[in-house]
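Novice:
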Amino acid sequence: MCKIKPSNEKEVQILSWSEAVQHQTIKAVLAKLPSNLTLTDGTVVFVPAGQQTKDPIQLAACNSSNETLVVVTEANSNLTLLDTARCGCGDKKQETKLFILVGQNATVRLAELRCLSEGQRFNGKIWASVAKNGQLKLFSGLLGGGRLDCQTEILLEGQNAVVERYGLVLGTENGRHKISDTIRHFAVGTSSYIMTRGVLTDTAFADWKLLTNIGSRINNCNGRQDSQILLLSPTAQAEITPSLEIGTDDVICSHSASIGQPDIQSLFYLRSRGLSMKQARQLIALGFFRPLANQVWDDETQETVLSMIESRLECRTD
Numbered sequence: 001m002c003k004i005k006p007s008n009e010k011e012v013q014i015l016s017w018s019e020a021v022q023h024q025t026i027k028a029v030l031a032k033l034p035s036n037l038t039l040t041d042g043t044v045v046f047v048p049a050g051q052q053t054k055d056p057i058q059l060a061a062c063n064s065s066n067e068t069l070v071v072v073t074e075a076n077s078n079l080t081l082l083d084t085a086r087c088g089c090g091d092k093k094q095e096t097k098l099f100i101l102v103g104q105n106a107t108v109r110l111a112e113l114r115c116l117s118e119g120q121r122f123n124g125k126i127w128a129s130v131a132k133n134g135q136l137k138l139f140s141g142l143l144g145g146g147r148l149d150c151q152t153e154i155l156l157e158g159q160n161a162v163v164e165r166y167g168l169v170l171g172t173e174n175g176r177h178k179i180s181d182t183i184r185h186f187a188v189g190t191s192s193y194i195m196t197r198g199v200l201t202d203t204a205f206a207d208w209k210l211l212t213n214i215g216s217r218i219n220n221c222n223g224r225q226d227s228q229i230l231l232l233s234p235t236a237q238a239e240i241t242p243s244l245e246i247g248t249d250d251v252i253c254s255h256s257a258s259i260g261q262p263d264i265q266s267l268f269y270l271r272s273r274g275l276s277m278k279q280a281r282q283l284i285a286l287g288f289f290r291p292l293a294n295q296v297w298d299d300e301t302q303e304t305v306l307s308m309i310e311s312r313l314e315c316r317t318d
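To convert, note that position 307 of the sequence shown is 307 in full-length UniProt numbering; the numbers rise steadily by one, no gaps.
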C-alpha cells in the first residue's frame, strides 16, 4: 500500500483496497468503471467533497512498483499529487495501473515519473474520467532504456470538462517505447490538449500515437495535439502518428508533429563557447524539454523532473 507524508493525512484519505470497498462513496464510484477495468487490488487516494488540499502531496512509499493506484475526487475538491514512489528503478518487470476519477467542479493535477533500466520491461495503463466542469492536468515522465508499452485513455464525460495531457520520454540505450494517448469527448463544450516531447539517444526507438475523438453532435469542443521528438543519435529512430476523429463541424481542432535532430548552428555556437559535444547536446536536450516541464504546476515538481532528466542525460549524450 502507498503512503503519503503525515502532514497531508487530514486533507486526503489513503485507503487499502479492503478499506476502499467498504467505503460507500468509493464503492459506488468504482462500480461505474467499465467492465474491462474491473479492479481487485490496489491503493485508493480519496478526496472528499469540498476538500481543497493546500500543498502538493507526494507518495512517500509503496510496497510494490506494480501496485494499482486509484484517485477519486468528489465534487468541488482539489488535489495535487506527485507519484515517484512507484518508480521502481531496477531490473524487474513493472506493470502499473493508474485510474483517475475527477468529480464535478473538481481539479486534479497529477505528475508521475518512471525510470527504466536497459532491457527492463514496463507495461503501464492510465484511464481517467472527468465529470462536468472538472479539470485534469496529467504529466507523465518516462526515462530510460527499457521496453515500454504505455496506454492512456481519458474520457471527458461532463459538459465543459477539461484535460491537459503532458507526456515526456527520454529514451536511452536500446530502449523501445510504444506509447498511445487517447482522449474521447462525450459532452459538449469539452476541451483537450495533448503536448508531448521525446528525446532519443543511442539506438532508442519510440512509436507515439495520439488520438482525439469527438462524437457526433458533441459540439463546441476544442482539441489540440502538439508532439515533437529530438534525435540525439544518428541511430535513434521515431514515429509519431497524430489522429483526429471528428463527428461534427462545430469544433476547433488541430495537430502538429515533428521529428528532427539538433540544429547544427546551435551545436557550433555552444562548442565555440567552450562546451564539449556532450555538454552541448545535454544543454540542447534540456532546453527542448523545458517548455514541457514548465507546464508542471509547482516549482518543486519542476525541479524534480528536470533533475531526473539531467541525471539520465549525464551518461547518455556521448
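From the three backbone atoms N, C-alpha and C, an ideal C-beta is built for every residue, glycine too.
In the structure shown, what three-state DSSP assignment does D181 receive?
Specialist: strand
Novice: For E300, collect the residues of the same chain with a Cβ closer than 6 Å to its Cβ; drop the 5 residues on either side in sequence, then sort them by chain order.
Specialist: Contacts found: none.
Novice: Three Cβ pairs or more, each shorter than 8 Å: is that satisfied between the segment 206-218 and the segment 240-251?
Specialist: Put simply, the segment 206-218 touches the segment 240-251. At least three CB pairs are less than 8 Å apart.
Novice: Which same chain residues end up closer than 6 Å to S129 when comparing Cβ atoms and leaving out the 5 residues on each side of it in sequence?
Specialist: L101, L155 and E157
Novice: Along the chain, where does the alpha helix (DSSP H) containing P291 start, and where does it finish?
Specialist: Note, P291: alpha helix (DSSP H), M277 to A293.
Novice: According to DSSP, simplified to helix, strand and coil, what is S7?
Specialist: Low per-residue confidence applies at S7: pLDDT is 46, beneath 50, and the placement is therefore not dependable enough to give any value.
Novice: Skipping 5 residues on each side, what residues in its chain have a beta carbon closer than 6 Å to that of Q52?
Specialist: N78
Novice: Decide yes or no for the touch test of the segment 162-171 against the segment 122-142: beta carbon pairs closer than 8 Å, at least 3 of them.
Specialist: yes
Novice: At what residues does the beta strand (DSSP E) containing Q135 begin and finish?
Specialist: Q135 to G144
Novice: Could you name the residues of the same chain whose beta carbon sits closer than 6 Å to that of R184, not counting the 5 residues immediately before and after it, in chain order?
Specialist: L155 and N213
Novice: Find out if the Cβ-Cβ distance for the pair C109, K137 is shorter than 7 Å.
Specialist: The sequence given here has Arg at residue 109, not Cys. In this structure, K137 lies closer than 7 Å to R109 by Cβ.
Novice: From what residue to what residue does the alpha helix (DSSP H) around W17 run?
Specialist: W17 to A20
Novice: Which same chain residues, not among the five before or five after L283, have their C-beta less than 8 Å away from its C-beta?
Specialist: L270 and L275
Novice: Check for me: the beta strand (DSSP E) holding Q302 runs from which residue to which?
Specialist: From DSSP, Q302 is part of no beta strand (DSSP E) but of the alpha helix (DSSP H) over D299 to E314.
Novice: Note the first and the last residue of the continuous beta strand (DSSP E) segment covering T73.
Specialist: L69 to T73
Novice: When we look at the beta-carbon of T201 and count the other beta-carbons within 10 Å, is it buried (16 or more) or exposed?
Specialist: buried
Novice: Measure the C-alpha to C-alpha separation of I26 and G215 and round it to an integer number of angstroms.
Specialist: 29 Å
Novice: Between the beta-carbon of G223 and the beta-carbon of S192, is there less than 7 Å?
Specialist: yes
Novice: Does the Cβ of T152 have 16 or more other Cβ atoms within 10 Å, making it buried, or fewer, making it exposed?
Specialist: buried
Novice: Hey, would you say V47 sits closer than 7 Å to T73, going by beta carbons?
Specialist: The answer is yes: Cβ separation under 7 Å.
Novice: Report all residues from its chain with a CB closer than 7 Å to the CB of R217; omit the five preceding and five following residues, and keep chain order.
Specialist: The residues are T248.
Novice: Do T96 and G124 have their CB atoms nearer than 7 Å?
Specialist: yes
Novice: As a quick exercise: from G119, K132, A111 and G103, pick the residue whose alpha carbon is nearest that of Q94.
Specialist: Ranking G119, K132, A111 and G103 by CA distance to the CA of Q94 puts G119 first.
Novice: For the candidate residues I259, A280 and G260, whose alpha-carbon lies nearest to that of F268?
Specialist: Comparing Cα positions, the closest option is A280.
Novice: Answer yes or no: do residue 322 and G42 have a C-beta to C-beta separation smaller than 7 Å?
Specialist: Coverage of the chain is limited to positions 1 through 318, which leaves residue 322 absent and any answer about it impossible.
Novice: Using DSSP with H/G/I as helix, E/B as strand and the rest coil, what is Q24?
Specialist: helix
Novice: Suppose contacts are defined by Cβ-Cβ distances below 7 Å. Is L148 in contact with C115 by that definition?
Specialist: no
Novice: Nearest to I259 by alpha carbon, out of S272, Q265, A236 and D250?
Specialist: A236
Novice: Apart from the five residues just before and just after Q38, which ones in its own chain have a Cβ nearer than 6 Å to its Cβ?
Specialist: The sequence given here has Thr at residue 38, not Gln. No residues qualify anywhere along the chain.
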